[in-house]
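Residue numbering for the sequence shown follows the working numbering, beginning at 108 and increasing consecutively. Don't be surprised by glycine CBs; every beta carbon is placed ideally from N, CA and C. Being a predicted model, the structure only gives us computed values, none of them experimental. Below: one structure, written as structure tokens.
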Amino acid sequence: MGQGEDHRSDIYSLGATLFHLLAGKPPIDVITGSYEELQKAKSKPAHLKPMAPHISPPTCRLVERMMAPDPGERPSAYDDLIAMIEDAHPTKKRRTKVTRIGGARVGSAGQRFLASQRARQGAQKKQRAALASVAALALVLGIGWSIFQAQQERNAAGGGSSTTGPSNLGDDETPLLGSDADALFARARQAVLEGHWEEALGHWETLAEREDASSELTQWALFHRGLTNILAGREPASREDFRRLGELSGEEGALNTLFANASHHLSKDTKVPRSIAEEANDGSCDAVALLAYGLKNWERGAFMEARRHLERFVELEPSREYPWITSYHPLIEDQLADLEWLSHRPKINSLKSKHALEEEQRALREFADTALTKRARGAANWRLKALGRRLEKWASSDGTHSGALPVARDREAWQTCQETLQSLASTMRFAEGKTFLQGQDRAFTTPAGQAHLADQLHAWQTADAFLDHLVAAAPGLTGSLKRLSAPPLSGTITGASRKSISIRTSAGIVTVPLSQVTPDSLARLAAKVLEETRDSNLYYRRQEELVLFAFLTGLERVLEEHARVLRQENRTFRERWDRLNAFKASISQDSQHG
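Right, dumping it as structure tokens:
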């Protein structure tokens with residue numbers, strides 16, 4: 108549009124190709140040799156959804172942005188385009204995890220930091236363009252089924268042969284349902300996908316009450332009515348639908364077993380066990396039951412169970428008779444993103460200090476502002492109320508130590524622990540340190556003392572996890588192992604455990620007890636593992652493990668190198684790190700004056 112040709116013109120062309128593929132017609136229906144007429148046609152925004160109503164909203168938004176009349180509104184770089192394509196990918200197993208720090212969706216700072224660590228000089232534009240093309244091709248292949256499905260549903264609505272009903276064709280290749288029932292089933296499913304709950308519930312009830320309906324059709328209709336009620340946030344109403352489903356019986360087989368199991372679990376006022384998700388298999392219709400199980404657990408606040416059922420629902424491949432099950436994947440993309448965060452929240456009763464309660468309160472408030480689903484906002488608000496009650500009780504019992512250092516009696520109690528902990532830290536017996544600290548709960552009587560105990564316990568638990576993850580990643584690393592009472596060894600690590608490390612040297616393989624390897628050598632190995640870590644969230648977790656390992660073993664060089672960066676990037680770490688160091692300074696001051 109008068110701004111010259113650049114990579115955004117290529118992005119427009121790719122978007123137009125995708126539009127044509129998805130809608131079955133080009134975005135610009137102009138037959139002309141005039142450049143001016145063509146440019147005038149391209150100046151109007153492209154709207155894919157009216158032309159391809161069965162395509163997911165994220166995909167429609169992607170194509171429309173790629174074809175934005177103003178080049179400045181198109182993706183500004185191929186890397187941005189790739190990220191948008193990956194987010195819109197309908198066959199993606201799991202939504203890309205959103206990094207949260209202190210409850211807020213950030214990610215950008217961490218990604219910028221990681222990018223600076225792993226920058227590759229001299230990257231070429233053509234390489235990025237090739238990556239974008241590959242990602243776009245993956246998108247095209249992924250949505251191929253959506254186009255086929257949409258066409259079949261249009262056939263059904265017109266009275267033709269259908270594959271949109273509860274199953275495909277029978278053995279004699281005739282539809283199991285009449286074309287009008289197939290069309291109504293398709294309309295009901297489309298209403299569910301678009302979030303029109305009342306319309307969908309009416310269609311399902313009509314199908315369930317048909318006098319000429321087969322037992323299979325009635326069962327599917329009642330199942331979907333219950334599923335729709337859960338999606339609408341009416342889990343108690345759904346239990347009645349699944350109770351009705353349990354009163355029916357169809358022909359013996361896997362389908363009837365599915366409905367019987369669904370009725371058993373979904374008509375009760377209890378959560379659905381996580382083990383059921385692990386037992387489900389590919390090549391059946393079980394996946395759609397996992398969708399209902401996960402949503403029910405979600406409603407009941409069983410976040411871990413809900414997350415696993417929904418993950419398995421996305422992971423499983425249905426049998427060829429039930430391809431429409433995968434079209435429900437977009438229904439839970441936002442649900443899974445919110446569950447990812449909620450499922451990692453600590454139990455409220457496990458928060459042992461006022462500071463921990465206030466920290467969780469801040470995180471929840473930030474999450475409630477950025478949550479993608481109404482269900483998640485409701486869960487966050489419920490937890491906020493529970494936290495508020497805990498904080499009120501805390502204030503009424505002892506509100507004098509919320510931000511101060513522990514009072515003298517707590518510092519004295521800590522001094523008695525120091526000798527034991529120093530001995531354990533020097534020999535890297537972090538698991539024993541955890542156990543020891545867990546037994547000191549009654550020694551600290553004030554909220555501030557309990558808060559410091561929680562910080563120390565976190566440090567020891569994290570350092571213990573550092574050893575587990577390091578020995579798992581160490582094989583294959585090359586370098587030098589310094590030993591406490593012997594010369595260092597240089598070579599390639601061939602095996603590692605919590606007891607020993609084996610390294611191939613020029614003289615052969617030597618096995619060294621882990622307790623004889625210096626903490627500095629382990630820290631250098633961990634730094635090499637960090638260099639190869641590409642996931643930003645995992646990078647920060649491993650970096651915190653390294654920092655707290657160094658904190659307990661006295662590696663000042665490592666602390667200076669990594670703690671400074673991590674403190675800038677992670678607010679939760681920064682607050683805990685400042686408390687640990689403030690308490691350490693107060694203990695040191697007591698010792699000097701003592």
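Own chain partners of H154 with C-beta closer than 7 Å, once the 5 adjacent residues on each side are dropped: E171
Rounded C-alpha distance that separates S120 from L645: 37 Å
Closest Cα partner of L449 within the set E422, I439, F410: F410
Option nearest A538 by Cα separation, candidates A579, A328, R605, W521: R605
Straight-line Cα distance separating D113 from A633: 43 Å
For V617, the first and last residue of its enclosing beta strand (DSSP E): 615-620
Simplified DSSP state of S533, which is helix, strand or coil: helix
Same chain, Cβ closer than 7 Å to A483, neighbours up to 5 away in sequence not counted: D445, L449
Backbone CA spacing between L362 and H372 [nearest angstrom]: 16 Å
Given S531 as reference, the closest of G661, L653, P437 once Cα atoms are compared: Sequence inspection shows Leu at residue 531; the Ser mentioned does not correspond to that position. Residue G661 is the option with its Cα nearest to L531.
Backbone CA spacing between I432 and F366 [nearest angstrom]: 15 Å
C-alpha distance - T601 paired with S607, whole-angstrom precision: 11 Å
Integer Cβ distance of A487 from L464, believed to fall under 8 Å: With a Cβ gap of about 15 Å, A487 and L464 do not count as contacting.
Separation of E316 from A290, as counted between CA atoms: 16 Å
Where T203 falls, given that 16 or more other Cβ within 10 Å makes a residue buried: Residue placement at T203 is flagged as unreliable, the pLDDT there being 39, under the threshold of 50; the coordinate-derived value follows with that caveat. Burial call: exposed.
Cβ neighbours of W684 in the same chain (closer than 7 Å, five flanking residues each side left out): A670, R674
Closest residue to I118 among L666, A184, A159 (Cα-Cα distance): A184
For L574, the nearest candidate out of P554, Q557, P626 (CA to CA): P626
Limits of the alpha helix (DSSP H) - the one that E458 falls within: The sequence shown places Leu at residue 458, rather than the Glu named in the question. Taken as a continuous stretch (DSSP letters only), L458 belongs to no alpha helix (DSSP H), as it is neither H nor E.
Endpoints, the beta strand (DSSP E) within which G602 is located: 596-603
Residue range of the alpha helix (DSSP H) that includes R350: 342-353
Residue burial classification, G272 (beta-carbon count within 10 angstroms, cutoff 16): Unreliable placement is indicated for G272, whose pLDDT of 48 sits below 50; the coordinate value is still reported in the next sentence. Its Cβ being crowded by 16 or more others within 10 Å, G272 is buried.
Top-ranked residue by Cα proximity to A566, from S592, N688, K454: N688
Local conformation of S322 per DSSP, three classes: helix
H436 to Y400 span [Cα, whole Å]: 14 Å
Span separating the alpha-carbon of M158 from that of E412: 39 Å
Interface flag, K454 vs chain D, CB-CB below 7 Å: Protein chain content of the structure displayed is limited to a single chain, and chain D is not contained in it.
Separation of L629 from C524, as counted between CA atoms: 26 Å
Cβ-based burial, T335 [other Cβ within 10 Å; buried from 16]: buried
A230 classed as buried or exposed, judged by whether at least 16 other C-beta atoms fall within 10 angstroms: Confidence at A230 is low in this model, with a pLDDT of 45, below 50, so the placement of that residue should be treated as unreliable; the coordinate-derived value is given next. A230 should be labelled exposed.
S460 and Q557 closer than 7 Å at C-beta: yes
Contact under 7 Å by Cβ, I702 with A148: Residue 702 is absent from the model: the chain starts at 108 and stops at 701.
Candidates D389, K691, T480: closest to S426 by CA position: D389
Separation of S391 from R664, as counted between CA atoms: 56 Å
Nonlocal neighbours in the same chain, by C-beta distance under 6 Å from R686, ignoring five residues either side: D562
Range covered by the beta strand (DSSP E) that runs through R648: Note, R648: premise wrong, no beta strand (DSSP E); alpha helix (DSSP H) at 643-660.
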